[in-house]
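Novice: Got a structure for you, written out below as structure tokens; questions coming shortly.
Number of protein chains: 6
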Amino acid sequence: MRQRIVTLSRTYRFSAAHYYHDPGLDDAANARLFGKCANQHGHGHNYRCEVRLRGVPAVETGMLFDLRTLDRIVHETVLERLDHRNLNAEVEAFATQQPTCENLAGFVWETLAPQLPPGLLDAVRLYETDDLWAEYRG
Amino acid sequence: MRQRIVTLSRTYRFSAAHYYHDPGLDDAANARLFGKCANQHGHGHNYRCEVRLRGVPAVETGMLFDLRTLDRIVHETVLERLDHRNLNAEVEAFATQQPTCENLAGFVWETLAPQLPPGLLDAVRLYETDDLWAEYRG
Amino acid sequence: MRQRIVTLSRTYRFSAAHYYHDPGLDDAANARLFGKCANQHGHGHNYRCEVRLRGVPAVETGMLFDLRTLDRIVHETVLERLDHRNLNAEVEAFATQQPTCENLAGFVWETLAPQLPPGLLDAVRLYETDDLWAEYRG
Amino acid sequence: MRQRIVTLSRTYRFSAAHYYHDPGLDDAANARLFGKCANQHGHGHNYRCEVRLRGVPAVETGMLFDLRTLDRIVHETVLERLDHRNLNAEVEAFATQQPTCENLAGFVWETLAPQLPPGLLDAVRLYETDDLWAEYRG
Amino acid sequence: MRQRIVTLSRTYRFSAAHYYHDPGLDDAANARLFGKCANQHGHGHNYRCEVRLRGVPAVETGMLFDLRTLDRIVHETVLERLDHRNLNAEVEAFATQQPTCENLAGFVWETLAPQLPPGLLDAVRLYETDDLWAEYRG
Amino acid sequence: MRQRIVTLSRTYRFSAAHYYHDPGLDDAANARLFGKCANQHGHGHNYRCEVRLRGVPAVETGMLFDLRTLDRIVHETVLERLDHRNLNAEVEAFATQQPTCENLAGFVWETLAPQLPPGLLDAVRLYETDDLWAEYRG
Numbered sequence: 005m006r007q008r009i010v011t012l013s014r015t016y017r018f019s020a021a022h023y024y025h026d027p028g029l030d031d032a033a034n035a036r037l038f039g040k041c042a043n044q045h046g047h048g049h050n051y052r053c054e055v056r057l058r059g060v061p062a063v064e065t066g067m068l069f070d071l072r073t074l075d076r077i078v079h080e081t082v083l084e085r086l087d088h089r090n091l092n093a094e095v096e097a098f099a100t101q102q103p104t105c106e107n108l109a110g111f112v113w114e115t116l117a118p119q120l121p122p123g124l125l126d127a128v129r130l131y132e133t134d135d136l137w138a139e140y141r142g
Numbered sequence: 005m006r007q008r009i010v011t012l013s014r015t016y017r018f019s020a021a022h023y024y025h026d027p028g029l030d031d032a033a034n035a036r037l038f039g040k041c042a043n044q045h046g047h048g049h050n051y052r053c054e055v056r057l058r059g060v061p062a063v064e065t066g067m068l069f070d071l072r073t074l075d076r077i078v079h080e081t082v083l084e085r086l087d088h089r090n091l092n093a094e095v096e097a098f099a100t101q102q103p104t105c106e107n108l109a110g111f112v113w114e115t116l117a118p119q120l121p122p123g124l125l126d127a128v129r130l131y132e133t134d135d136l137w138a139e140y141r142g
Numbered sequence: 005m006r007q008r009i010v011t012l013s014r015t016y017r018f019s020a021a022h023y024y025h026d027p028g029l030d031d032a033a034n035a036r037l038f039g040k041c042a043n044q045h046g047h048g049h050n051y052r053c054e055v056r057l058r059g060v061p062a063v064e065t066g067m068l069f070d071l072r073t074l075d076r077i078v079h080e081t082v083l084e085r086l087d088h089r090n091l092n093a094e095v096e097a098f099a100t101q102q103p104t105c106e107n108l109a110g111f112v113w114e115t116l117a118p119q120l121p122p123g124l125l126d127a128v129r130l131y132e133t134d135d136l137w138a139e140y141r142g
Numbered sequence: 005m006r007q008r009i010v011t012l013s014r015t016y017r018f019s020a021a022h023y024y025h026d027p028g029l030d031d032a033a034n035a036r037l038f039g040k041c042a043n044q045h046g047h048g049h050n051y052r053c054e055v056r057l058r059g060v061p062a063v064e065t066g067m068l069f070d071l072r073t074l075d076r077i078v079h080e081t082v083l084e085r086l087d088h089r090n091l092n093a094e095v096e097a098f099a100t101q102q103p104t105c106e107n108l109a110g111f112v113w114e115t116l117a118p119q120l121p122p123g124l125l126d127a128v129r130l131y132e133t134d135d136l137w138a139e140y141r142g
Numbered sequence: 005m006r007q008r009i010v011t012l013s014r015t016y017r018f019s020a021a022h023y024y025h026d027p028g029l030d031d032a033a034n035a036r037l038f039g040k041c042a043n044q045h046g047h048g049h050n051y052r053c054e055v056r057l058r059g060v061p062a063v064e065t066g067m068l069f070d071l072r073t074l075d076r077i078v079h080e081t082v083l084e085r086l087d088h089r090n091l092n093a094e095v096e097a098f099a100t101q102q103p104t105c106e107n108l109a110g111f112v113w114e115t116l117a118p119q120l121p122p123g124l125l126d127a128v129r130l131y132e133t134d135d136l137w138a139e140y141r142g
Numbered sequence: 005m006r007q008r009i010v011t012l013s014r015t016y017r018f019s020a021a022h023y024y025h026d027p028g029l030d031d032a033a034n035a036r037l038f039g040k041c042a043n044q045h046g047h048g049h050n051y052r053c054e055v056r057l058r059g060v061p062a063v064e065t066g067m068l069f070d071l072r073t074l075d076r077i078v079h080e081t082v083l084e085r086l087d088h089r090n091l092n093a094e095v096e097a098f099a100t101q102q103p104t105c106e107n108l109a110g111f112v113w114e115t116l117a118p119q120l121p122p123g124l125l126d127a128v129r130l131y132e133t134d135d136l137w138a139e140y141r142g
């Protein structure tokens, strides 16, 4: 049996609140720039996060990585910080960048990559709704 | 062609933030009662709302109700008040009841029913996530 | 083991074209009444049809009805007439009624019910899109 | 605020193997009766189970039932017995009835109902695939 | 915060009718070549179109591109021409090429790309049904 | 009209049973390694398999490949061997490798590629559940 390079994806979910706000602009300018998303009371989403790994599965297990270990790492380092949170108020990374799905994909990548064997993480795809997602590949 | 009694359902979507809080309890008791949902920074969801009508379609149009009219009514009376809102802070009805999907289904029913011909509204089903919904039938 | 009354649902799919047109009205009035759906060149949908049966499963098989038989009946009597068809031009029933999902649900019921054991058919739910369906129960 | 009777549904998932076999019939007759499902090596499904409750939400919580408690009950009494199991070989109830989705819905109802407050359980809907489900209401 | 290259995808929907026909062939040959899709009365689909952009999000907004602007461009240049249309009869591009999902993906790319900043459009994925899609990347 | 290189994806489904077992380990070690999946009675899944092709559509048909031919090849060479099967007991390839979704994606690729024109097959993506998939690209 030949060695195969395979991509594996596992989906995680979290629910969070967010809003968009540029502190250098007044309220009217924020509303023009961000529309309904500028409402500082916040709104929220059921986010889905696809974590994609890439490499050669182990011959004995046929697996790229142990999924129970992956689940534990994602829960401890990502979901604990994002699930049932207000991203603006409670996640330090979003004090200095907008909590868009573009930036969330980057945040999850930068959080996860150091926890995984070098080169294993292939992509992070972050769904804000079923119809809007961002993907970052490091 | 015989007259048929038909149910018709149309789905609407909104994104909102919420949390659960009983003002008669202290923070520890709220946390015990509501778990992660007690976080007063709020979290959020992509809600889906099925509006179900029931009756006999008009012979000329084959339709139970004009969907453009239904869309307008739902947008003006329901989505305007819920979409991109913090339900606790911005929707008066949830100052005195928890913004659970049970109560949201009731709120949507009570908001919509007076706007529609008597007897037309059959049910409101409110999805908080793909896996959790509440339905109220007046 | 007690006898249980169970509902069983099986989903079928077809793709068809349709439009709405009232021959007693001129083009402008049809456009006002039906909007984009009045375009007589037609448009189309991926329809889904849930056929629901209700009754007591046979003890030996644990089944309400043989699904291969149901599939054959639905294909021969319903899908043959609707799939890859223009409903207005090719399905006689829609020469005298608009091909709305309300009327399609009625058409499928009236087509299927005589082919099945009396009392077995419980409901027909017809999805025109993921967000719009009609249900008819005879 | 008036008291409302609400239906609440929560979805659970399990993966299991099964096959259909009538011990009173020979292999050829089983194959005729059950087709591909007669293969005694077994095949399997990703099942989804909707547990529906019905009643009046508590005023303080806005909830029909505590979801963490419901999750615990469903995991301990239903999912522990069905998830990652061969239904024919490992679930006693299916030694004497076929593990069809009709019978699985009945099994889940009869397992769950005694664990919940009387009258709370409204329906169990069991999806064998996205396109085939059975529902039992006690 | 480092600059990240991100892919962003937004989904749009339209409903249209189509059929396949080669004018150089007679009806029997068209039927052999295209099967049910050769029916010139037309049939139809609920199409979904994923528009993917790629680049570096703006630091101030955390966004790759303003979504309200993208929505307006897609509606004006793509959806206006395809939604509730008969692709064969009403879209000039499909007078000289079959309206397959392969060609639709190409059509959407070629329509959208000149409306967007150079290099921003990354891919167009066109779903004809949930189970069949084509993707074109310019 | 310019020549376009397009990717086309078509989804197939099968239901199968499997389990994970390393014959060089005792039962306790298998249970530690594979968790619930080590249960040799087997469990199962509704698998989905995306077959992706890549190339230039024919000008006359606008199609990359005849879908009826693709369906026939996939049914005869892949689905016949996997659908309603116990992968461990009935598929020779999985006597010497674990039937993980990583290995299933590889198996489908290696089975399909020789049946198709050289270079046409672009990727095989194998979903074990909605939330877990593996992709192999030869």
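Listed in order, the protein sequences are those of chains A, B, C, D, E and F.
Throughout, the numbering used here is defined as the position within the first sequence, counted from one, plus 4.
Throughout, the numbering used here is defined as the position within the second sequence, counted from one, plus 4.
Throughout, the numbering used here is defined as the position within the third sequence, counted from one, plus 4.
Throughout, the numbering used here is defined as the position within the fourth sequence, counted from one, plus 4.
Throughout, the numbering used here is defined as the position within the fifth sequence, counted from one, plus 4.
Throughout, the numbering used here is defined as the position within the sixth sequence, counted from one, plus 4.
Positions of the beta carbon are idealized from the N, C-alpha and C atoms, including for glycine.
1) Would you be able to state if there are at least three C-beta pairs under 8 Å between the segment 127-138 of chain C and the segment 45-57 of chain C?
2) Comparing the C-beta of residue 10 (chain E) with each C-beta of chain A, is any distance below 8 Å?
3) Is residue 90 (chain D) near residue 45 (chain F), with beta carbons less than 8 Å apart?
4) Rounded to whole angstroms, what is the Cα-Cα separation between residue 135 (chain A) and residue 67 (chain C)?
5) Output the boundary residues of the alpha helix (DSSP H) element that contains residue 3 (chain A).
6) Kindly provide the ranges of any alpha helix (DSSP H) runs that are 4 or more residues long and lie completely inside the segment 26-69 of chain C, ordered along the chain.
7) Anything in the segment 101-116 of chain C with a Cβ closer than 7 Å to a Cβ of chain B? List those residues in chain order, please.
8) Between the beta-carbon of residue 8 (chain F) and the beta-carbon of residue 63 (chain F), is there less than 8 Å?
9) If we cut at 8 Å on Cβ distances, does residue 37 (chain D) have a partner in chain C?
10) Could you pull out every residue in the same chain whose Cβ sits closer than 6 Å to the Cβ of residue 77 (chain F), ignoring the five residues on either side in sequence?
11) Quick check: what's the CA-CA separation for residue 125 (chain F) versus residue 117 (chain F)?
12) Using only CA atoms, which one of A:50, A:97, A:15 lies nearest to residue 19 (chain B)?
13) Can you name the residues of chain D whose CB is closer than 9 Å to the CB of residue 125 (chain B)?
14) State yes or no: is the beta carbon of residue 89 (chain C) nearer than 8 Å to at least one beta carbon in chain E?
15) Could you check the C-alpha separation between residue 26 (chain C) and residue 75 (chain F) for me, to the nearest Å?
16) To the nearest angstrom, how far is it from the Cα of residue 40 (chain F) to the Cα of residue 112 (chain D)?
17) Going by DSSP in three states, residue 120 (chain E) sits in which element: helix, strand or coil?
18) Relative to the alpha-carbon of residue 23 (chain B), which residue among B:99, B:83, B:123 has its alpha-carbon at the smallest distance?
19) Using beta-carbon positions only, say whether residue 109 (chain F) and residue 84 (chain F) come within less than 8 Å of one another.
20) Taking the CB atoms as reference points, tell me whether residue 115 (chain B) and residue 58 (chain B) lie closer together than 8 Å.
21) What separation, rounded to the nearest whole angstrom, lies between the Cα atoms of residue 79 (chain A) and residue 72 (chain A)?
22) With distances taken between CB atoms, is the gap from residue 21 (chain D) to residue 97 (chain F) smaller than 8 Å?
23) Please classify residue 32 (chain E): is it buried, with 16 or more other beta-carbons within 10 angstroms of its beta-carbon, or exposed?
24) Determine which residues share a DSSP beta bridge with residue 14 (chain A) and list them.
25) Taking the alpha helix (DSSP H) that residue 93 (chain E) belongs to, which residues open and close that run?
26) Relative to the alpha-carbon of residue 65 (chain D), which residue among B:48, B:121, B:28 has its alpha-carbon at the smallest distance?
27) Could you work out which residues of chain D lie near residue 30 (chain B), taking near to mean beta carbons separated by less than 7 Å?
28) Classify residue 103 (chain D) as buried or exposed, calling it buried when 16 or more other Cβ atoms lie within 10 Å of its own Cβ.
29) Near residue 81 (chain B), what residues of its chain come up, given a Cβ to Cβ distance below 8 Å and the 5 sequence neighbours on each side ignored?
30) Between the C-alpha atoms of residue 92 (chain C) and residue 42 (chain E), what's the straight-line distance to the nearest angstrom?
31) Which residue from A:47, A:107, A:70 puts its Cα closest to that of residue 38 (chain F)?
32) Distance check for residue 123 (chain F) and residue 142 (chain F), CA to CA, integer angstroms please.
33) May I ask you to report which of helix, strand or coil DSSP gives residue 85 (chain B)?
34) Compare the C-alpha of residue 94 (chain B) against each of A:95, A:94, A:86, A:47 and name the closest.
Specialist: In short:
1) yes
2) Here residue 10 (chain E) corresponds to residue number 6 of the fifth sequence, with the count starting at 1. Residue 10 (chain E) counts as touching chain A.
3) Translated into the one-based positions of the fourth sequence, residue 90 (chain D) becomes position 86. Translated into the one-based positions of the sixth sequence, residue 45 (chain F) becomes position 41. Contact flag set, yes.
4) Along the first sequence, read from residue 1 onward, the residue named residue 135 (chain A) stands at position 131. Along the third sequence, read from residue 1 onward, the residue named residue 67 (chain C) stands at position 63. Cα to Cα, the separation comes out at about 38 Å.
5) With chain A running from 5 to 142 in the structure shown, residue 3 (chain A) is simply not present.
6) 31-38
7) 101, 102, 104, 106, 107, 109, 110
8) Stepping through the sixth sequence from its first residue, residue 8 (chain F) is reached at position 4. Stepping through the sixth sequence from its first residue, residue 63 (chain F) is reached at position 59. The answer is no: Cβ separation not under 8 Å.
9) The residue labelled residue 37 (chain D) in the question sits at position 33 within the fourth sequence. Yes, residue 37 (chain D) counts as interfacial toward chain C.
10) Numbered from its first residue, the sixth sequence carries residue 77 (chain F) at position 73. Within the same chain, residue 77 (chain F) has close Cβ partners 119.
11) Position 121 of the sixth sequence, counted from the first residue, corresponds to residue 125 (chain F). Position 113 of the sixth sequence, counted from the first residue, corresponds to residue 117 (chain F). When rounded, the distance between both Cα atoms is 6 Å.
12) By one-based count along the second sequence, residue 19 (chain B) stands at place 15. The residue with the shortest Cα to Cα distance from residue 19 (chain B) is A:50.
13) Walking along the second sequence from the start, residue 125 (chain B) turns up at place 121. None at all; the shortest Cβ gap to chain D is about 14 Å.
14) Here residue 89 (chain C) corresponds to residue number 85 of the third sequence, with the count starting at 1. So yes, residue 89 (chain C) belongs to the interface.
15) In the third sequence, counting from the first residue as 1, residue 26 (chain C) sits at position 22. In the sixth sequence, counting from the first residue as 1, residue 75 (chain F) sits at position 71. Whole-angstrom Cα-Cα distance: 41 Å.
16) To locate residue 40 (chain F), count along the sixth sequence from 1; it is residue 36. To locate residue 112 (chain D), count along the fourth sequence from 1; it is residue 108. Rounded to whole angstroms, residue 40 (chain F) to residue 112 (chain D) spans 21 Å at the Cα level.
17) Stepping through the fifth sequence from its first residue, residue 120 (chain E) is reached at position 116. Three-state result, residue 120 (chain E): coil.
18) Within the second sequence, residue 23 (chain B) is the residue found at index 19, counting from 1. Answer by Cα proximity: B:99.
19) Counting from one through the sixth sequence, the residue named residue 109 (chain F) turns up at place 105. Counting from one through the sixth sequence, the residue named residue 84 (chain F) turns up at place 80. No, the Cβ-Cβ distance between residue 109 (chain F) and residue 84 (chain F) is not below 8 Å.
20) One-based indexing of the second sequence puts residue 115 (chain B) at position 111. One-based indexing of the second sequence puts residue 58 (chain B) at position 54. Their beta carbons are not under 8 Å apart, which means residue 115 (chain B) does not touch residue 58 (chain B) by this criterion.
21) Taking the first sequence and counting its residues from 1, one reaches residue 79 (chain A) at position 75. Taking the first sequence and counting its residues from 1, one reaches residue 72 (chain A) at position 68. Computed Cα separation, rounded: 10 Å.
22) One-based indexing of the fourth sequence puts residue 21 (chain D) at position 17. One-based indexing of the sixth sequence puts residue 97 (chain F) at position 93. Contact: no.
23) Position 28 of the fifth sequence, counting from 1, holds the residue named residue 32 (chain E). Classification of residue 32 (chain E): exposed, given that the 10 Å Cβ count is below 16.
24) Along the first sequence, one-based indexing puts residue 14 (chain A) at 10. DSSP output for residue 14 (chain A) lists A:55, F:136 as bridge partner(s).
25) For the purposes of this step, residue 93 (chain E) is taken as residue 89 along the fifth sequence, with counting starting at 1. Element bounds for residue 93 (chain E): 91-94.
26) Taking the fourth sequence and counting its residues from 1, one reaches residue 65 (chain D) at position 61. Checked all of B:48, B:121, B:28; the closest Cα to residue 65 (chain D) is B:28.
27) If you number the second sequence from 1, residue 30 (chain B) lands on position 26. None at all; the shortest Cβ gap to chain D is about 14 Å.
28) In the fourth sequence, residue 103 (chain D) corresponds to position 99, counting from 1. Buried: at least 16 other Cβ atoms inside 10 Å.
29) Start at 1 with the first residue of the second sequence, and residue 81 (chain B) comes out as number 77. Correct list, in chain order: 115, 116, 119.
30) The count along the third sequence starts at 1 and reaches residue 92 (chain C) at position 88. The count along the fifth sequence starts at 1 and reaches residue 42 (chain E) at position 38. Rounded to the nearest angstrom, the two C-alpha atoms are 17 Å apart.
31) In the sixth sequence, the residue the question calls residue 38 (chain F) occupies position 34. Looking at the Cα atoms, A:70 is the closest of the given residues.
32) Within the sixth sequence, numbered from 1, the residue matching residue 142 (chain F) stands at position 138. Within the sixth sequence, numbered from 1, the residue matching residue 123 (chain F) stands at position 119. Between residue 142 (chain F) and residue 123 (chain F), the C-alpha separation is close to 10 Å.
33) Mapped onto the second sequence, residue 85 (chain B) falls at position 81. The answer is helix: DSSP assigns residue 85 (chain B) an H, G or I state.
34) For this step, residue 94 (chain B) is matched to residue 90 along the second sequence. When each option's Cα is compared against that of residue 94 (chain B), the closest is A:47.
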